[in-house]
Structure formats: structure tokens, C-alpha cells
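J.: Taking the working numbering, the leading residue of the sequence shown gets 29, the next gets one more, and so forth.
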Amino acid sequence: MKKAYAFLCHATLALLCLAFVSSAEAIRLETSRAIKDLTFGINGFLGFEYAYMDKMPMVMDVGGSETIGTMPGVSFLKLRHLNLLVSAEKENLRVLINLHSNNVNLAGSNEIHSRDTIETQEAYAEYIFRDFVRIRAGSFLAPFGIYNDVRYILPIFSSVVLPQIYDPPKNYSQAVKTGEAIEALSPLTPEDGNLMFWGRAVKQDIDFRYHLYLSNGTNQGREDSDIGFGGRILMNTRDILKVGASAYTVHNRSAAEGRARFFGGDVTFSPSSTFTLQGEYVINRYSERRSRYSYYLQADFPRQQWLPYLRYDFLKDPEHLLMKRGQERYTLGLAYRFKPNIQIKGGFHYHRIVDNAGLSSSLANFNMVRLALIATF
Numbered sequence: 029m030k031k032a033y034a035f036l037c038h039a040t041l042a043l044l045c046l047a048f049v050s051s052a053e054a055i056r057l058e059t060s061r062a063i064k065d066l067t068f069g070i071n072g073f074l075g076f077e078y079a080y081m082d083k084m085p086m087v088m089d090v091g092g093s094e095t096i097g098t099m100p101g102v103s104f105l106k107l108r109h110l111n112l113l114v115s116a117e118k119e120n121l122r123v124l125i126n127l128h129s130n131n132v133n134l135a136g137s138n139e140i141h142s143r144d145t146i147e148t149q150e151a152y153a154e155y156i157f158r159d160f161v162r163i164r165a166g167s168f169l170a171p172f173g174i175y176n177d178v179r180y181i182l183p184i185f186s187s188v189v190l191p192q193i194y195d196p197p198k199n200y201s202q203a204v205k206t207g208e209a210i211e212a213l214s215p216l217t218p219e220d221g222n223l224m225f226w227g228r229a230v231k232q233d234i235d236f237r238y239h240l241y242l243s244n245g246t247n248q249g250r251e252d253s254d255i256g257f258g259g260r261i262l263m264n265t266r267d268i269l270k271v272g273a274s275a276y277t278v279h280n281r282s283a284a285e286g287r288a289r290f291f292g293g294d295v296t297f298s299p300s301s302t303f304t305l306q307g308e309y310v311i312n313r314y315s316e317r318r319s320r321y322s323y324y325l326q327a328d329f330p331r332q333q334w335l336p337y338l339r340y341d342f343l344k345d346p347e348h349l350l351m352k353r354g355q356e357r358y359t360l361g362l363a364y365r366f367k368p369n370i371q372i373k374g375g376f377h378y379h380r381i382v383d384n385a386g387l388s389s390s391l392a393n394f395n396m397v398r399l400a401l402i403a404t405f
């Protein structure tokens, strides 16, 4: 009964969002004269997804020891993302709340990595002293890498499946026992930020941005023996070439890996309106374990309402029984834009375990198909 009620709530909210999306991209309301110059905004992000995953290798717990087993093939229909962003602005002050829910199962077999809760993903206040000096306080997505910068901007979100840097694959998990839910290991990006100074400077054809932020760890609980510190710089030349660099360090006293240092670099090259090449590399270094790293290269070929894209993706973790072999992902995708804020997207993903010694061909190579309806408003 509880799951049915949760499903009904999510489905109703999703349908309301779809109805809203079809008629408007955003709402801006002016308040009464008693609160002069105060404006409210409502924006959102909505994504439904159907997926079929071939059987794949998975680290299993058998008799207290880890071994590489087989996860059966699965198919499901789910509410992949649902975000509602509510903001209020007055002069140089801005307040934002980002409500978030994801991976809500609607139908399918062997559902994995599912949630049925709505949570506050971001809640912060920001004050603009000038373009080059802004301060943000609260809880917000750490500005580390391309997709964390533009998580909910539709033209950039061309993928049905994010790179493994940001969305670890299901077979990259701790050892699981048969019948247990599968939770992928953490992404190669930092926890949320809590206090940030940032700004931008524009001169002729160059747009420069910087971010310096502090972080207090997972879910804002005080789990770190020191405060995490991160930064990002981004240089944009007339939207033709964008070059970014990111860094973050923290010592989590509850984790065995000790001090963590994350480094990343990214490039986006758009020589014309019909071609964009994008690449990113991220490495996580630790004081008490070997480094893990991931990178991808993606090419987009926009053609009016169509957006074909290709991507090569790689992930390796020497401390993981399966991912120490290295996993490649080749993606062929296509998106169609009904409206500027509504797209349907599909992707075929071919996975390959690089060091496949001891694995059958069906486990060393496996496929995935995903279809999604994604909208912003």
C-alpha cells in the first residue's frame, strides 16, 4: 500500500509537470506592492526512461568472499528524474530550492537502484556584489566538471546515459548477495558544496569564470575530519572553445581511503553549429588506496531538430575486483526535439571489459538500450 501510494504521488506530480511543460517554459510572478521588486520563478526538469540491460558481470559475495558472477538481464520503465526548482529574487539577492526525486520504478522486471522519496537536492541563498564577486551559502551541486555545471540545461544534456564519471554503471558496486538491491559506488565527483565565492569577467571575446567552495561532506552531515575545499575555472572563447579545470580535496575520517584529491580537465570545441566535440578526464587520488580514473570523448552532430551523437567512455578502479580490468562503453545516440524544451532520446550502449581473462564472451561484452522523454520548463 505504501509503495502504491508513493507511485501514485509521483505519477500525479509527473503528469502535472508534463501538462505544464507543454504550455510554458517558465513562470515569473510579480508579488504585491507590499514586497516591491520581488519576483518568483518556477522551473523544472522531467525525464521518463525505458531501459533494457543485457546480463552483465557483477561482483558477488559468495560465502564471505568476492567473486565475479552474473547479474540477469533487466528491463524497466521509470521516472528517471524529476526536479522542481523554486527561486525568489530581489535586486542582488537570490534564493533557490531544488526538489529532487529519481529512479522511481513504474513497470518492469528486476528493478535495481530504485527510490521512492522526494528530497531537497539544493537549497541556498546567493548575493551578487558585482559580476566578479558573488557568494553562495547553503547546499548546492559542486561545480566540478561539465555536467555538474549544466546538469539541467537541455541542449547539453544530450545523453540518455551520463558518462561513467557522473553516473557509475550498475556493475561498479560493492559485492552484493543474491536478491539484494544494487547500489553503484560513488561517482568520481565531489559531495555537495556549502559555501562558495564565484564570479565572471568578460573581455572582448573571452568569458572567464571561477568557483572556490567549501564542502561539509555527504548529506551535509559532519563526517569529515576537515572541511572539503574545491575550485573550478572555465574559459570560454565566443562559445567556440571552452576549457575547464577542476580540483577538490577532503579527508573523510569514516572512509578507509584516507585523504582524497580529485582532479579534472574538460574541453568543448564547437567550430560550427553542426558539430561539437567534448572530452573530459577525471582522476581520484587517495592517501590509502590506489587511484581510480575515468574519461570520455563525445561528438554531437546537431541537424535542426535532430541530434545524433557518439561517445567513447572508459572507467578503471584498481581496487575493484571487476573494474580493475577496465570497462569501455561505446554509445550511439539520437535525440529529436519536439519543442525547445521537450526531447525524446535513444541510445545504444556496447560495453567491453578490457582485460577479459577468465570471463565468458557473454560477460566480457554486453549491451544496453535506453529510451527517454526529457523536458525542461
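Built from N, CA and C at the ideal position, the CB exists for glycine as well. Since the model is a prediction, treat every value here as computed from it, not as a measurement.
Per DSSP, glycine 272 is paired with what?
T.: According to DSSP, which records beta bridges pairwise, glycine 272 is partnered with Leu262 and Asp294.
J.: Could you tell me the boundaries of the beta strand (DSSP E) in which serine 243 lies?
T.: It spans 234-243 - the beta strand (DSSP E) in which serine 243 sits, taken as one unbroken run.
J.: Looking at glutamine 326: is its Cβ nearer than 8 Å to the Cβ of glutamine 306?
T.: Cβ distance < 8 Å, so glutamine 326 and glutamine 306 count as in contact.
J.: Count the other CB atoms, across all protein chains shown, that sit within 10 Å of the CB of tryptophan 334; report buried if there are 16 or more and exposed otherwise.
T.: Under this definition tryptophan 334 is an exposed residue.
J.: DSSP three-state label for aspartate 177, please.
T.: Three-state DSSP puts aspartate 177 in a helix.
J.: Using the beta-carbon count (16 or more within 10 Å), is asparagine 120 buried or exposed?
T.: Under this definition asparagine 120 is an exposed residue.
J.: Quick test of the definition: if touching needs 3 or more C-beta pairs under 8 Å, does the segment 227-240 touch the segment 149-162?
T.: They touch, by the three-pair rule.
J.: Quick one: Cα of glutamate 77 to Cα of isoleucine 311, how far?
T.: Distance between the alpha carbons of glutamate 77 and isoleucine 311 is about 30 Å.
J.: Measuring CB to CB, does leucine 269 end up less than 8 Å from proline 85?
T.: No, they are not a contact pair.
J.: Enumerate, from N- to C-terminal direction, the unbroken beta strand (DSSP E) stretches of 3 or more residues contained entirely within the segment 60-112.
T.: The segment 60-112 contains these whole beta strand (DSSP E) runs: 67-81, 84-90 and 93-99.
J.: Tell me, which residues are paired with asparagine 312 by DSSP?
T.: In the DSSP output, where bridge partners are listed per residue, asparagine 312 has Phe290 and Arg320.
J.: Any heavy atom of the ligand FMN closer than 7 Å to the CB of glutamate 316?
T.: The ligand FMN is absent from the structure shown, which contains no ligands of any kind.
J.: Mind reading off the beta-carbon distance from isoleucine 370 to alanine 403? Whole number of angstroms is fine, and I expect it under 8 Å.
T.: Confirmed, about 5 Å.
J.: Note down, in chain order, each residue of its chain lying with its Cβ closer than 7 Å to the Cβ of serine 389, except the 5 sequence neighbours on either side.
T.: Closer than 7 Å at the Cβ level, and outside the excluded window around serine 389, lies no residue.
J.: Write down the C-beta distance between glycine 256 and glutamate 219 rounded to the nearest angstrom, noting that I regard them as a contact closer than 8 Å.
T.: Right, their Cβ atoms sit about 7 Å apart.
J.: What is the DSSP secondary structure of alanine 392, counted as helix, strand or coil?
T.: Of the three classes helix, strand and coil, the one that applies to alanine 392 here is helix, per DSSP.
J.: Nearest by alpha-carbon distance to arginine 339: which of Tyr378, Glu347, His348 and Phe366 is it?
T.: Answer by Cα proximity: Tyr378.
J.: Measure the C-alpha to C-alpha separation of proline 346 and tyrosine 324 and round it to an integer number of angstroms.
T.: Whole-angstrom Cα-Cα distance: 18 Å.
J.: For a test of the three-state rule: what should DSSP assign to lysine 367, helix, strand or coil?
T.: Strand at lysine 367.
J.: Rounded to a whole number of angstroms, what is the C-alpha to C-alpha distance between threonine 217 and leucine 107?
T.: Approximately 24 Å between the Cα atoms of the pair.
J.: Give me, in chain order, the residues of the same chain whose beta-carbon lies closer than 6 Å to that of arginine 287; leave out the 5 immediate sequence neighbours on both sides.
T.: Excluding residues within five positions, the ones whose Cβ falls inside 6 Å are His279 and Ser315.
J.: Using CA coordinates, which residue listed in Asn264, Gln202 and Ala212 is at the minimum distance from isoleucine 193?
T.: Among Asn264, Gln202 and Ala212, the Cα nearest to that of isoleucine 193 belongs to Ala212.
J.: How far does the beta strand (DSSP E) with glutamine 149 in it reach, from first residue to last?
T.: Taken as a continuous stretch (DSSP letters only), the beta strand (DSSP E) holding glutamine 149 covers 147-158.
J.: Touching or not, the segment 261-277 and the segment 169-178, by the rule of three or more beta carbon pairs under 8 Å?
T.: Verdict: yes, contact present.
J.: Would you grab the beta carbon distance between glycine 166 and tyrosine 152 for me? Rounded to a whole angstrom, and I think it's under 8 Å.
T.: Rounded, the Cβ-Cβ distance is 3 Å, consistent with contact.
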